[in-house]
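Engineer: Numbered according to numbering that gives the first Met the number 0, the sequence shown spans residues 0 to 882. From the three backbone atoms N, C-alpha and C, an ideal C-beta is built for every residue, glycine too. Quantities reported herein were computed from a predicted structural model and do not represent experimental measurements.
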Amino acid sequence: MKLRAMRDFTSLFKSLTDHSPFAWQERLFKDLVENRITHSCNIPTGLGKTSVIPIWLVALVTQIDRGYEQMLPRRLIYIVNRRTVVDQATDIVVEMRDRIKEPDKQKWKEHHSTLSFIKETLIGMSVVNDIPLAISTLRGEMADNEEWKADPSCPAIIVGTVDMIGSKLLFSGYGDGFRIRPHHAGLIGQDSLIVHDEAHLTPTFGQLLDKISAVQQNEGERKEDKLRPIKIIELSATPQKNLISEKSFSLTNEDEQDEEVKKRLNAPKLLHYEIEDNKKIEEKIAALASKYESENVKVLIYVHSPESAKTVVSQLKKIINQNTIDGRISLLTGTMRGYERDQLVQSDSVYKAFLDHDREVEQSCYLVSTSAGEVGVDFDADHMVCDLTTLDSMIQRFGRVNRKGNKHSNIDVVFPDKIDDKKPEIKNTKEILERLEKDENGEINVNPKVLMDILSQENVQKAFNSAPHVQPLTDIVLDYWSLTSIKDELPGRPEIASFLHGLTNDLPETYVIWREEVKHFVDYDVPDESIEEWFQERRIESHERLRDWSDRVYRELQKIGKKSKEENFRVVVLSGDGKAEKISLNALLKKKKEFIAFRTIVLPAEAGGITKEGILDGNQKDPALDVASIERPIKIVSDLNGEEVPSKPKESLKLTYFLPLKEAESEDEEEESKYLVLFKKAEQFSFENPKKCVAIAPPTLSQHIKQVAAMEEKIVQKVGIPENIKEALILAAEWHDKGKDRLIWQEAIYNKNGEPLAKSRKKVMDWRLLGGYRHEFGSLLDASGDPDIDKHPEKDLILHLIAAHHGWARPNFNLNAFDTQNYTTNENEKAAQEVMRRFGRLQLRFGRWGLAWLESLLRCADYAVSKEETTINNVSTMPENPQ
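1. So, does the segment 357-364 touch the segment 292-308, judging by three or more C-beta pairs under 8 angstroms?
2. Please specify which runs of the alpha helix (DSSP H), each continuous and at least 4 residues long, are wholly inside the segment 450-508, giving them in chain order.
3. What does residue 699 pair with, by DSSP beta-bridge criteria?
4. Quick one, which of 581, 120 and 207 has its alpha-carbon nearest residue 61's?
5. Measuring alpha carbon to alpha carbon, tell me which residue in 537, 473 and 546 is nearest residue 507.
6. Does the Cβ of residue 59 have 16 or more other Cβ atoms within 10 Å, making it buried, or fewer, making it exposed?
7. Is the beta carbon of residue 599 closer than 7 angstroms to that of residue 510?
8. Can you list, in chain order, the residues of its chain whose CB lies under 6 angstroms from that of residue 43, leaving out five sequence neighbours each side?
9. Suppose the cutoff is 6 angstroms on Cβ atoms and the five residues either side in sequence are ignored; what does the same chain contact list for residue 606 look like?
10. So is residue 786 buried or exposed if we call it buried at 16+ other beta carbons inside 10 Å?
11. Does the CB of residue 12 have a neighbour CB from chain D at under 7 angstroms?
12. Could you tell me the alpha carbon to alpha carbon distance between residue 595 and residue 535, rounded to whole angstroms?
13. At the level of alpha carbons, what is the spacing between residue 472 and residue 480?
14. Rounded to whole angstroms, what is the Cα-Cα separation between residue 183 and residue 571?
15. Any chance the segment 209-220 sits against the segment 509-526, with 3 or more Cβ pairs inside 8 angstroms?
16. DSSP on residue 892, reduced to helix/strand/coil?
17. Roughly how many angstroms separate the alpha carbons of residue 883 and residue 846, rounded to a whole number?
18. Whole angstroms are fine: how far does the CA of residue 347 sit from the CA of residue 338?
19. Check the DSSP bridge columns for residue 282 and list the partner residues they point to.
20. Below 8 angstroms on the Cβ atoms is my guess for residue 226 versus residue 852; work out the distance and round it to an integer in Å.
21. With residue 71 and residue 34 assumed to form a contact (beta carbons below 8 angstroms), what rounded beta-carbon distance in angstroms separates them?
22. By a C-beta neighbour count over all protein chains shown, 10 Å radius and 16 as the cutoff for buried, is residue 617 buried or exposed?
23. Tell whether a beta-carbon distance below 7 angstroms holds between residue 856 and residue 730.
24. Measuring alpha carbon to alpha carbon, tell me which residue in 278, 194 and 154 is nearest residue 306.
25. Near residue 291, which residues of its chain fall below 7 angstroms by C-beta distance, leaving aside the five closest residues on each side in sequence?
26. In the DSSP output, which residue or residues are listed as bridge partners for residue 411?
27. In whole angstroms, what is the alpha-carbon distance linking residue 823 and residue 702?
28. Is DSSP giving residue 159 helix, strand or coil here?
29. Based on Cα-Cα distance, which residue from 530, 488, 334 and 520 lies nearest to residue 609?
30. Tell me, which residues are paired with residue 19 by DSSP?
31. How big is the Cα-Cα spacing for residue 647 and residue 146?
32. Using three-state DSSP, classify residue 659 as helix, strand or coil.
33. Please go through the same chain and pick out, in chain order, the residues whose beta-carbon is closer than 8 angstroms to the beta-carbon of residue 544, but skip the five residues on each side of it.
34. State the DSSP-derived secondary structure class of residue 510, mapped to helix, strand or coil.
35. Kindly identify the DSSP beta-bridge partner or partners of residue 195.
36. With DSSP as the reference, identify every bridge partner of residue 599, one or two as the case may be.
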């Protein structure tokens, strides 16, 4: 008997979640197994819509086990709202990953057989990865571990925001170099199921996805050239009537008869509202929350701004003795620094209490939150108190109370006595809530069943946040973004922010981080260009950032400036494209406020200005924690022997970057060389850091090419593409590095005699010796003269893949990339011109994302082989170690 006969959906789903599925979840599973992917899935809050993640994985495993030829996309891209501070989707993905990786663990021993089956099935899909499921999530060590982009055949889950995923999809990934942008676009824009959670909150992005999907369907002249276009599912607990179609996946009458579903849909959530003076709303909210002090319950408090949240916390501490409430009240805002946010998630007892739905508390606890806690987090409170906002946000808030219907919950809403005429949607929300009918007990219930009825009303969208104006996505704009090898500013190539979020009236934002090295930049007068290079190496991670409205940041910087005793107190300002400027805080504050909009302000750690909760506060005098130094410490040394370690040594830390420092000139003593050095954990081979890699045992060029071709053959057999395309990819792999046999290239890797090698030995490659020569351009010239390639029907594709496997040829090469050793200037120029024409022809044929995906298939094969051949040099920024 085959395993599939024993693997029903219930056992598979339960092995990943510990929950028996609802009927709607099994219906969705059956649809996915048969490749019926609905565009919208409308499931009320509290019924597990995030379970689409394990449902997709179980459906994929089932298809493989049954031998289906046409499979679901291998990658699930889960989009969470950018307001999300902590995301439930990440927790689900990490838990699933742990279960599949280690099915023998005692914690899920009862599911051992099923989990082992899932693991073996998934591993059987992969060529490069030795893991069953690649994941990349919003936070933690899996934020960008490169698993998901290493193997196109491996099932993968990526959880990210609109900005993170959207920018990569549009060939403009934030923080990405030009080489990696087409790779990310190809892997996200092909063979991917994009799940857009809470789609009603980001309608502009939803329209963008639909437009891209339509573009992909219309690209290419032949059906066989439409490779693996994206599929889209929009998830929403609050769909508007005008957005629901007959094809939408929703609860049926049969679903609603399930006892558990019925209990959750009819959960008692009793609404009470009071009208209060606008200036006293926070006081009223605190007073209403304090009435639960003696009931030993969990009280969730929502307000519209961080200032209001801090005021409510302060008021609650006044009403309830601070000594008794400390440890029972926590603050959650979108303006918290990532580090403190993560600490809250990992160790805060109040926060954990709200995530544990069945946990009873010995004393009442209070979580005060802004909109950051409305979406993407699985809170379950006993009672809630909040201010008034738009209907879509109110529904999100109501969904965080009594999720399972096991309680009798109250929701107190404080209405303002005056509502700004510029906020008609809030006024409409107030009117809708006031019109709700009382039940037989004289109560107003706002359970999911009632909310479904509200959403079915006409014109309900007038109470929702107004949708921003959508930028038209034209072919010209898409083409300009796909020209990733043009690194300079390109006239007509717009910024992508307005295409992701629309043209909004939102206030501009600014990031703030704290770094120890700012003081050294000032003391040694490090040039701005060197600072830019430093930040490319010691990149700013998400947990370092604090994000706030630019106006608020400006006010807090003024406070820091006032308490600073130094006239020349300096900061570093980073623009969106990474340009650095060292500037005094006084000079910065003399500029217009608009100057800091959408920039990152890097403060010296000693400046302070951050509370213990991770909130910007210019009155805070204590030095700030440099979060980067926890994992990537720095130190000033006088020599580079590679053996120096930080004052608190950590295992496997290596000196990986150094910045020469200039001492102030002195007539009395000889100047001493000093370096600011960076220590990091030993890195693995990276797509974005090929210059760092040297070979453990350098392979010959012929060996490397042979191994890449063999790897490419394995990959193309797994991913399911037409035979002619498979053949083209394998041929491209056989030629991709031929241009490394040039004398200039071999000298640059310190191989002056003997058989040509594919990698450097001992030392990092001396890129200066190349003078700009690109080995893939040399490979292209060689392949162009091959008679077998010349008569091959896929000649164009073969030559482009060779040229583009390191990110060039989209559409051009720089002039200094020419191969002057083996070819004339005329031959080089003709080849360079044809590179651009060829790119245009192929992009028309396969589409923007299809072509990028094909390039990725070769890049992944090269990556897989190179990863086995290489290690990271100890000091990686110069071709010769200065010692």
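Structural biologist: According to the structure shown:
1. Yes, the segment 357-364 touches the segment 292-308.
2. Counting only runs of 4 or more, we get 474-481 and 496-500.
3. For residue 699, which the question treats as bridged, DSSP gives the partners 756.
4. Considering only 581, 120 and 207, the residue with the shortest C-alpha distance to residue 61 is 120.
5. Residue 546 is the option with its Cα nearest to residue 507.
6. So residue 59 counts as buried.
7. Yes; because the gap between Cβ atoms is below 7 angstroms, this pair is in contact.
8. In the same chain as residue 43, and ignoring 5 residues on each side of it, the C-beta atoms closer than 6 angstroms to its own belong to 236 and 447, in chain order.
9. Setting aside the 5 residues that flank it on each side, residue 606 is surrounded in the same chain by 559, each with a C-beta closer than 6 angstroms to its C-beta; the list follows chain order.
10. That one is exposed.
11. Going by chain labels, chain D is absent from the structure shown, which holds only one protein chain.
12. Cα to Cα, the separation comes out at about 20 angstroms.
13. Computed Cα separation, rounded: 11 angstroms.
14. Going by the C-alpha atoms only, they are around 30 angstroms apart.
15. Taking a contact to require three or more Cβ pairs closer than 8 angstroms, the segment 209-220 and the segment 509-526 do not qualify as touching.
16. As displayed, the chain neither begins before 0 nor continues past 882, which places residue 892 out of reach and without an answer.
17. Any question about residue 883 goes unanswered here, given that the chain covers just 0 to 882.
18. Here the alpha carbons of residue 347 and residue 338 stand approximately 13 angstroms from one another.
19. For residue 282, DSSP records no beta bridge to any residue.
20. Taking a contact as a CB-CB distance under 8 angstroms, the pair residue 226 and residue 852 counts as one, their CB atoms being some 6 angstroms apart.
21. Right, their Cβ atoms sit about 7 angstroms apart.
22. Under a 10 Å Cβ-count criterion, residue 617 is classified as buried, with 16 or more other Cβ atoms of the shown protein chains found around its own Cβ.
23. No; because the gap between Cβ atoms is not below 7 angstroms, this pair is not in contact.
24. The residue with the shortest Cα to Cα distance from residue 306 is 278.
25. So the qualifying residues of the chain are 298, 363 and 382.
26. Beta-bridge pairing by DSSP links residue 411 to 271 and 384.
27. Going from the Cα of residue 823 to the Cα of residue 702 covers about 29 angstroms.
28. Note: residue 159 maps to strand in three-state DSSP.
29. Nearest C-alpha to residue 609: 334.
30. BP columns for residue 19 are empty, so no partner.
31. Legend: pLDDT at residue 647 = 48, less than 50; position of this residue unreliable, value from coordinates given subsequently. In this structure, the CA atom of residue 647 is about 30 angstroms from the CA atom of residue 146.
32. In this structure, residue 659 counts as strand in the three-state DSSP scheme.
33. Closer than 8 angstroms at the Cβ level, and outside the excluded window around residue 544, lie 336, 337, 510, 511, 512 and 599.
34. Strand, per DSSP.
35. Looking at the DSSP assignment, residue 195 forms a beta bridge with 78 and 233.
36. DSSP output for residue 599 lists 510 and 573 as bridge partner(s).
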